[in-house]
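This report concerns only the one structure given below.
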């Protein structure tokens, strides 16, 4: 089983709202990732958690706040977003703690910021 | 920095035709990954390649890890309408700190 699940599937929020995206995997993977993807573009890395610790933050604005409550869960808290933040947000996981490992993606959350 | 040059950018083919796409780089990669993404969905891993010269098949899909470790190709035989999507190649950068993606090949199949 190589399943990564994400909720919600779609999210519409105003610029003053606070919302959270959730990701879950039960493959025993020790690294989890958040990516942002614009239409017809490749995914762009935002954050990496390795063994439940934040290991990489790709200079992401503070209005995006990641959280890894345990080895199976990854959250992305959103606050005061801008319309240009509208995108597909993808979660991924890999077996080891390194980015060189094969990554498995979830179905994504389609976010629209009004 | 390291880049993956993926071609062609798009392909329009008839059902039943074979398809070939490739990724090249000026840098060496130790792993090549091929993903397919359908509209509104996340990328799905098709094939992972870990050794130079490796040739791996997954149903009608075949991918090879170039012997120079600077390129990889993906072939799809006897295409069907459900092959439609964007195909991305990817590989880890040399520092192992990021997964680099090609810009994708958009495949359209007409029946």
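Chains as they are written, first to last, in my numbering: chain A, 2 to 115; chain B, -6 to 104. Backbone N, C-alpha and C define an ideal beta-carbon position, used for all residues, glycine too. These numbers were taken from a predicted model, which means no experiment stands behind them.
If you draw a straight line from the C-alpha of residue i to the C-alpha of residue j, how long is it?
i, j, result
"residue 66 of chain B", "residue 17 of chain A", "46 Å"
"residue 55 of chain A", "residue 10 of chain B", "46 Å"
"residue 36 of chain B", "residue 29 of chain A", "20 Å"
"residue 52 of chain B", "residue 95 of chain B", "23 Å"
"residue 85 of chain A", "residue 114 of chain A", "8 Å"
"residue 12 of chain A", "residue 71 of chain A", "24 Å"
"residue 31 of chain B", "residue 77 of chain B", "7 Å"
"residue 1 of chain A", "residue 21 of chain A", "Here chain A has residues from 2 to 115 only, and residue 1 of chain A is not among them."
"residue 127 of chain A", "residue 99 of chain B", "Summary: the structure shown does not reach residue 127 of chain A, with chain A confined to residues 2 through 115, and so no result is reported for it."
"residue 86 of chain B", "residue 1 of chain B", "22 Å"
"residue 71 of chain B", "residue 55 of chain B", "12 Å"
"residue 14 of chain B", "residue 40 of chain B", "14 Å"
"residue 10 of chain A", "residue 28 of chain B", "20 Å"
"residue 19 of chain A", "residue 68 of chain B", "44 Å"
"residue 120 of chain B", "residue 53 of chain A", "A query on residue 120 of chain B cannot be resolved here, the shown segment of chain B reaching from -6 to 104 and no further."
"residue 82 of chain A", "residue 31 of chain A", "29 Å"
"residue 80 of chain A", "residue 50 of chain B", "44 Å"
"residue 96 of chain A", "residue 89 of chain B", "14 Å"
"residue 63 of chain A", "residue 33 of chain B", "26 Å"
If I measure Cβ to Cβ from residue i and keep anything under 6 Å in the same chain, skipping five residues before and after, which residues do I get?
i, result
"residue 20 of chain B", "-5"
"residue 97 of chain B", "79, 81"
"residue 15 of chain A", "115"
"residue 5 of chain B", "101"
"residue 44 of chain A", "36, 38, 91"
"residue 34 of chain A", "49, 93"
"residue 1 of chain A", "Chain A is shown only over 2 to 115; residue 1 of chain A falls outside these bounds and no answer can be derived."
"residue 57 of chain A", "49"
"residue -2 of chain B", "17"
Residue i: buried (16+ other C-beta within 10 angstroms of its C-beta) or exposed?
i, result
"residue 65 of chain A", "buried"
"residue 12 of chain B", "buried"
"residue 93 of chain B", "buried"
"residue 74 of chain B", "exposed"
"residue 83 of chain B", "buried"
Does the beta carbon of residue i come closer than 8 Å to any beta carbon on chain D?
i, result
"residue 96 of chain A", "Among the protein chains of the structure shown, namely A and B, there is no chain D."
If the criterion is Cβ atoms closer than 8 Å, does the pair residue i and residue j meet it?
i, j, result
"residue 101 of chain B", "residue 8 of chain B", "no"
"residue 17 of chain B", "residue 43 of chain B", "no"
"residue 48 of chain B", "residue 103 of chain A", "no"
Can you list, in chain order, the residues of its chain with a C-beta nearer than 7 Å to that of residue i? Leave out the 5 residues immediately preceding and following it.
i, result
"residue 5 of chain A", "24, 26, 92, 93, 94, 105, 106, 107"
"residue 109 of chain A", "7, 89, 90, 91"
"residue 58 of chain B", "25, 42, 44, 45, 46, 47, 65"
"residue 68 of chain A", "76, 78"
Looking only at its own chain, which residues have a Cβ that is under 8 Å from the Cβ of residue i, when we skip the five neighbours before and after it?
i, result
"residue 38 of chain B", "26, 27, 28"
"residue 91 of chain B", "85"
"residue 59 of chain A", "45, 46, 47, 48"
"residue 87 of chain A", "112, 113, 114"
"residue 63 of chain B", "17, 18, 19, 20, 21, 22"
"residue 74 of chain A", "23, 24, 25"
"residue 3 of chain B", "98, 99, 100, 101"
Is residue i near the ligand ATP, going by C-beta to nearest heavy atom under 7 Å?
i, result
"residue 16 of chain A", "The ligand ATP is not part of the structure shown, which contains no ligands of any sort."
What alpha helix (DSSP H) runs, 4 residues minimum, are completely inside the segment 36 to 105 of chain A?
none
Can you list, in chain order, the stretches of the beta strand (DSSP E) that have 3 or more residues and sit fully within the segment 7 to 78 of chain B?
12 to 17, 25 to 30, 37 to 42, 48 to 51, 54 to 58, 64 to 69
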